[in-house]
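Residue numbers (UniProt numbering), protein chains in the order written: chain A, 1 to 435; chain B, 1 to 435. Presented below is the structure to which this report refers.
Protein chains: 2
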Amino acid sequence: MTASQIASSSIIDDIARLTREAARQLAVLSTDAKNQAIVAIAIALEAATPEILAANAADCKAAAAAGIPKPLYARLKLDETKLQGAIAGVRDVGRLSDPVGAVQIHRELDTGLILKRITCPLGVLGVIFEARPDAVMQISTLAIKSGNGVILKGGQEAVRSCEALVKAIRQGLTQTGINPDVVQLLTTREETLELLKLDQYVDLIIPRGSNSFVRFVQNNTRIPVLGHAEGICHVYVDEAADIEKAVAITVDAKTHYPAACNALETLLVHNAIASEFLPKVAKSLQEKNVELRGDEKTCQILDIAAATEADWVTEYSDLILSIKVVHSLEDAINHINTYGSKHTDAIVTESSEAAATFLAQVDAAGVFHNCSTRFSDGFRYGFGAEVGISTQKMPPRGPVGLEGLVTYKYQIVGDGHIAASYSGADAKPFIHRDL
Amino acid sequence: MTASQIASSSIIDDIARLTREAARQLAVLSTDAKNQAIVAIAIALEAATPEILAANAADCKAAAAAGIPKPLYARLKLDETKLQGAIAGVRDVGRLSDPVGAVQIHRELDTGLILKRITCPLGVLGVIFEARPDAVMQISTLAIKSGNGVILKGGQEAVRSCEALVKAIRQGLTQTGINPDVVQLLTTREETLELLKLDQYVDLIIPRGSNSFVRFVQNNTRIPVLGHAEGICHVYVDEAADIEKAVAITVDAKTHYPAACNALETLLVHNAIASEFLPKVAKSLQEKNVELRGDEKTCQILDIAAATEADWVTEYSDLILSIKVVHSLEDAINHINTYGSKHTDAIVTESSEAAATFLAQVDAAGVFHNCSTRFSDGFRYGFGAEVGISTQKMPPRGPVGLEGLVTYKYQIVGDGHIAASYSGADAKPFIHRDL
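Below you can see the structure in the form of structure tokens.
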């Protein structure tokens with residue numbers, strides 16, 4: 001370690017410890033107190049609008065001078081309308097139901113010995129995101145609503161914007177009973193690496209960024225990570241598919257928002273329907289400027305480029321689609337379970353039996369029948385907010401709402417009960433009656 | 001890698017792949033089919049009793065010759081009564097409710113567009129346990145009940161017993177529709193290391209063994225681990241405690257089963273009650289041969305050895321107790337949140353306010369009021385079975401029953417629905433009505 005690395009490491013350690021201490025107080029606040037704090041944040045952001053816009057203008061000027069790509073510039077740019085929209089989003093989080101304090105189990109173990117399983121905050125979240133300043137407002141508010149402290153690290157190009165936003169948020173918190181230390185901002189890449197090591201203070205890392213960045217985070221921390229490295233989604237058009245639905249679903253899944261993780265990457269088509277379906281879907285896709293790549297059988301039907309093995313494991317995030325002809329439902333399921341990323345996969349069929357087999361046997365967070373993969377989304381599921389989408393097997397899996405930011409604890413209240421009474425020769429039985 | 005390591009690695013890879021494939025078929029079986037398989041296993045184990053007892057006798061003879069400690073020998077030894085008890089336990093698992101197929105969310109997103117969140121098996125479990133052959137029967141049955149394949153690795157001393165048991169279990173499965181490859185046995189330490197690397201095939205590792213072994217597993221795999229390295233549990237005797245209850249709870253938590261992870265390791269006592277309580281509890285504990293170690297203040301009241309900083313972070317798993325006098329409820333909570341292992345901590349008090357603060361602010365899987373820490377247990381909670389106890393923050397946390405062996409997937413059934421209909425100028429609204 002260099003001297004500056006040691007300094008950075010000990011500073012982050014201090015920041016994380018402060019966040020944890022502040023979060024412990026936040027964790028026990030009432031829903032009302034948290035909602036009032038969220039309103040105070042919205043008011044403080046409104047009051048700081050000139051400073052926030054000025055900071056963002058400086059970020060944008062520097063980014064433009066450095067020549068960042070247009071889509072990144074669009075995400076970085078925060079004008080008054082976008083800021084007002086984000087502040088409205090802050091107030092919306094106040095209206096979501098509180099994920100903390102839900103009683104999941106309430107059980108009489110024995111007379112006067114009562115077990116409860118109650119949701120509670122995780123503690124401290126570490127959220128690493130790209131240069132999009134609106135994320136600061138959304139994430140901070142979701143953290144406070146769920147009773148968690150949060151350590152934020154935004155993309156380097158947005159550093160002035162993030163600083164102005166976090167300053168306003170913390171200013172808003174000083175008007176409430178909440179210690180402003182629950183919201184922290186890191187500004188350097190070195191600090192990010194330190195953050196990933198702090199498993200004694202940080203309970204969950206949420207990386208938002210490129211696939212390779214998420215994979216880097218997953219491989220470099222012992223802290224649980226909420227996120228997915230890849231979204232390789234499939235649509236399988238069964239032999240019993242309604243062709244019109246299949247075309248509409250394929251075009252929507254591929255072209256509605258190609259950069260989204262729930263967009264279609266590989267189309268699987270049953271052999272029996274391929275010669276009828278493929279020319280129709282190809283025409284619709286090509287009208288939307290989608291580049292097609294097919295396996296051998298597909299290329300016998302369509303005049304398109306040949307797909308290679310690499311295509312089956314590629315998330316294009318662009319107007320490109322690979323196509324494969326399969327000989328059975330089982331073939332399709334095997335392809336998906338082999339090459340997919342366990343994100344979202346759909347079958348188009350009028351056979352309820354084929355649909356049931358697909359939904360049961362495809363191993364993915366989302367398994368859909370006769371609808372677009374694009375529905376895989378926390379807002380569309382009615383979660384009110386989406387914290388991230390997880391492709392891990394263990395819960396939380398799929399789109400994760402506020403409930404992904406809480407855990408639970410078991411509480412037992414007794415009256416001097418001891419375990420020895422329930423074992424040995426004269427053992428009392430347990431009642432185990434749900435209340 | 002040496003040639004033999006390469007060979008071992010590729011064999012384990014094949015075993016894990018076979019297990020995953022067999023588990024995919026198991027995952028979609030009905031509750032009845034799984035329960036029939038569990039009965040078939042029980043019958044096969046009964047039929048193989050002579051072979052199993054002979055194999056165990058050979059293990060015991062070798063272990064005795066090698067001079068293994070008495071408690072380990074007792075766990076290794078499988079006589080006819082113990083085997084019959086374990087087979088009865090197998091049949092009991094058949095009677096537990098099926099954790100697979102539970103509908104957790106059922107929601108109309110729009111007319112004809114229905115979302116369900118349904119529990120499903122994880123896939124393949126890797127379970128590494130000590131030389132206790134009864135674990136083979138319990139774990140295999142819990143895996144099948146939850147629809148998972150399982151790769152077992154038992155302690156080296158039990159290798160003959162484990163082989164005989166797994167042979168009988170697989171023999172039982174051949175009488176059913178379940179591929180016997182869902183239950184696999186590894187027999188060497190090298191294979192364990194290989195198993196920890198197979199994150200593409202194995203979905204959850206459950207290590208059962210010493211703290212240092214669990215920590216080793218946690219530090220050497222990317223696969224999620226269900227387990228806890230340490231159980232440093234506390235009892236805090238508040239100034240408003242009922243002394244009689246406090247003595248009974250302390251003695252029970254420390255002496256009922258000192259080797260258990262939910263046993264008491266550190267007693268915290270409020271200053272205001274210390275001079276009255278400590279002599280009474282010390283007398284009761286010393287009658288049970290508990291060695292006491294105290295902080296400075298405790299040693300002013302009791303004639304016992306001095307505790308050092310190391311005592312606060314030690315799980316004795318033995319008849320030893322460290323004692324500290326604290327000056328407030330807050331002091332007690334801080335001590336627990338600093339030195340505890342987030343397993344189970346209890347307060348003894350007649351003040352409901354102090355109890356509420358303790359239950360809210362202590363960060364542990366189990367937070368108890370006026371009862372022994374020993375109640376932290378899946379069977380005592382009424383889970384029917386306990387797969388393990390987790391001290392991680394993310395769920396599953398605390399004692400984990402069969403529900404810890406399943407995950408969930410989101411299913412959507414539509415009728416040609418596409419996402420484009422719900423965005424843009426003429427966007428349809430979502431209904432989001434729970435069914």
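Don't be surprised by glycine CBs; every beta carbon is placed ideally from N, CA and C. Just so we're clear, the structure is a prediction, and the values are computed from it rather than from any experiment.
Counted within 10 angstroms of its Cβ, other Cβ atoms place B:G112 as buried (16 or more) or exposed
With fewer than 16 Cβ atoms within 10 Å of its Cβ, B:G112 is classed as exposed.
Should B:E145 and B:K34 be called a contact, given that it needs their Cβ atoms to be closer than 9 angstroms?
The sequence as given places Lys at residue 145 of chain B; Glu does not occur at that position. Yes, the pair counts as a contact, with Cβ atoms nearer than the cut-off.
Buried or exposed (CB count within 10 angstroms, at least 16 for buried), A:V103:
That one is exposed.
Compute the beta-carbon to beta-carbon distance between B:G366 and B:T338, rounded to the nearest angstrom, for a pair I have assumed lies under 8 angstroms.
The C-beta separation of B:G366 from B:T338 comes to about 18 angstroms, leaving the pair out of contact by the 8 angstroms criterion.
Give the residues of chain A in contact with B:T407, contact being defined as C-beta atoms less than 7 angstroms apart.
Residues of chain A passing the Cβ test: K393, M394, P395 and R397.
Measuring alpha carbon to alpha carbon, tell me which of A:A360, A:L321 and A:L405 ends up nearest B:K409.
Selected option, being the one with the closest Cα: A:A360.
Below 7 angstroms between beta carbons is the criterion; list the residues of the region 250 to 265 of chain A that meet it against any residue of chain B, in chain order.
Flagged, chain order: D252 and H256.
Enumerate in chain order the residues of its own chain whose CB-to-CB distance from A:V326 is below 8 angstroms, with the five nearest sequence positions on each side excluded.
Setting aside the 5 residues that flank it on each side, A:V326 is surrounded in the same chain by Y236, L268, V269, H270, N271, A332 and H335, each with a C-beta closer than 8 angstroms to its C-beta; the list follows chain order.
What three-state label does DSSP hand A:H335 in the structure shown?
Residue state, collapsed to three classes: helix.
So which residues on chain A does B:A385 lean against when the C-beta distance must stay under 8 angstroms?
Within chain A, no C-beta atom comes less than 8 angstroms from the C-beta of B:A385; the nearest is roughly 13 angstroms away.
Determine the direct distance from the alpha carbon of A:T141 to that of B:D199, and round the result to whole angstroms.
In this structure, the CA atom of B:D199 is about 35 angstroms from the CA atom of A:T141.
What does A:H432 touch in chain B if you count any residue whose Cβ is under 8 angstroms from its own?
Under the 8 angstroms cutoff, chain B gives G382.
May I have the straight-line CA-CA distance separating A:D203 from A:R17, to the nearest angstrom?
So the alpha carbons of these two residues sit roughly 12 angstroms apart.
Can you list the residues of chain A that B:G224 reaches, using a CB-CB cut of under 7 angstroms?
Residue identity check: residue 224 of chain B is Pro in the sequence provided, not Gly. Within chain A, the residues near B:P224 are M394.
How many angstroms separate the CA atom of A:Q25 from the CA atom of A:K116?
Take the alpha-carbon of A:Q25 and the one of A:K116: they are about 22 angstroms apart.
Grouping DSSP H, G and I as helix and E and B as strand, with all else coil, what is A:N370?
If DSSP states are grouped into helix, strand and coil, A:N370 belongs with the strands.
What is the rounded straight-line gap between the Cα of A:F129 and the Cα of A:I151?
If you take the alpha carbons of A:F129 and A:I151, they lie about 11 angstroms apart.
Between which residues of its own chain and A:R208 is the CB-CB distance below 6 angstroms, once the five residues before and five after are set aside?
Here the set comprises F129.
Roughly how many whole angstroms lie between the Cα atoms of A:S376 and B:N370?
Rounded to the nearest whole angstrom, the C-alpha separation of A:S376 and B:N370 is 46 angstroms.
Neighbour list for A:I389 in chain B, Cβ cutoff strictly below 9 angstroms
Residues of chain B passing the Cβ test: none, with the nearest at roughly 11 angstroms.
Check the Cβ-Cβ distances between B:A88 and every residue of chain A, and say whether any is below 9 angstroms.
For B:A88, the answer is no, since every Cβ of chain A falls outside 9 angstroms of its Cβ.
What do you reckon, are the CB atoms on B:D295 and B:I273 nearer than 9 angstroms?
Contact: no.
On a CA-only basis, which of A:H432, A:A306, A:E353 and A:S341 is nearest A:L329? Give me that one, please.
Closest in alpha carbon position to A:L329, among A:H432, A:A306, A:E353 and A:S341, is A:E353.
On the premise that A:V362 lies in contact with A:A246, defined as a C-beta separation below 8 angstroms, what is that separation, rounded to the nearest angstrom?
17 angstroms between Cβ atoms; not a contact.
Establish whether the CB of A:Q411 and some CB of chain B are separated by less than 9 angstroms.
Closer than 9 angstroms: yes.
For B:E108, which three-state DSSP category applies?
DSSP places B:E108 within a strand segment (E or B) once states are collapsed to three.
Proximity to A:S10 [Cα-Cα], best of A:G172, A:E157, A:K197 and A:A241
In terms of Cα proximity to A:S10, the closest of A:G172, A:E157, A:K197 and A:A241 is A:K197.
Anything in chain B within Cβ reach of A:K297, meaning under 7 angstroms, just list it in chain order.
By Cβ distance, chain B contributes nothing, its closest Cβ being about 25 angstroms from A:K297, past 7 angstroms.
Reduced DSSP category for A:Q361 - H, G, I as helix; E, B as strand; rest coil:
Helix.
Mind pulling the chain A residues with CB within less than 8 angstroms of B:L267?
Listed by position along chain A, the residues whose Cβ is nearer than 8 angstroms to that of B:L267 form an empty set, because the closest Cβ is around 15 angstroms away.
Among B:N211, B:V127, B:I169 and B:R222, which residue has its Cα nearest to the Cα of B:T187?
Of the residues B:N211, B:V127, B:I169 and B:R222, the one whose Cα lies closest to the Cα of B:T187 is B:V127.
Anyone know if the C-beta pair for B:G392 and A:P224 falls short of 9 angstroms?
According to the sequence shown, residue 392 of chain B is Gln rather than Gly. Pairing B:Q392 with A:P224 gives a Cβ-Cβ distance under 9 angstroms.
Can you confirm whether the region 412 to 424 of chain A touches the region 306 to 322 of chain A when touching is taken to mean that 3 or more C-beta pairs between the two stretches lie within less than 8 angstroms?
Short answer: they don't touch.
For chain B, find out if any of its Cβ atoms is closer than 9 angstroms to the Cβ of A:K34; answer yes or no.
Closer than 9 angstroms to the CB of A:K34 there is not a single CB belonging to chain B.
Which runs of the beta strand (DSSP E) fall wholly inside the region 139 to 220 of chain B and span at least 3 residues, in chain order?
Runs of the beta strand (DSSP E) lying entirely within the region 139 to 220 of chain B and spanning at least 3 residues, in chain order: 149 to 153, 183 to 186 and 204 to 207.
Give me the DSSP bridge partner(s) of B:E291.
B:I320.
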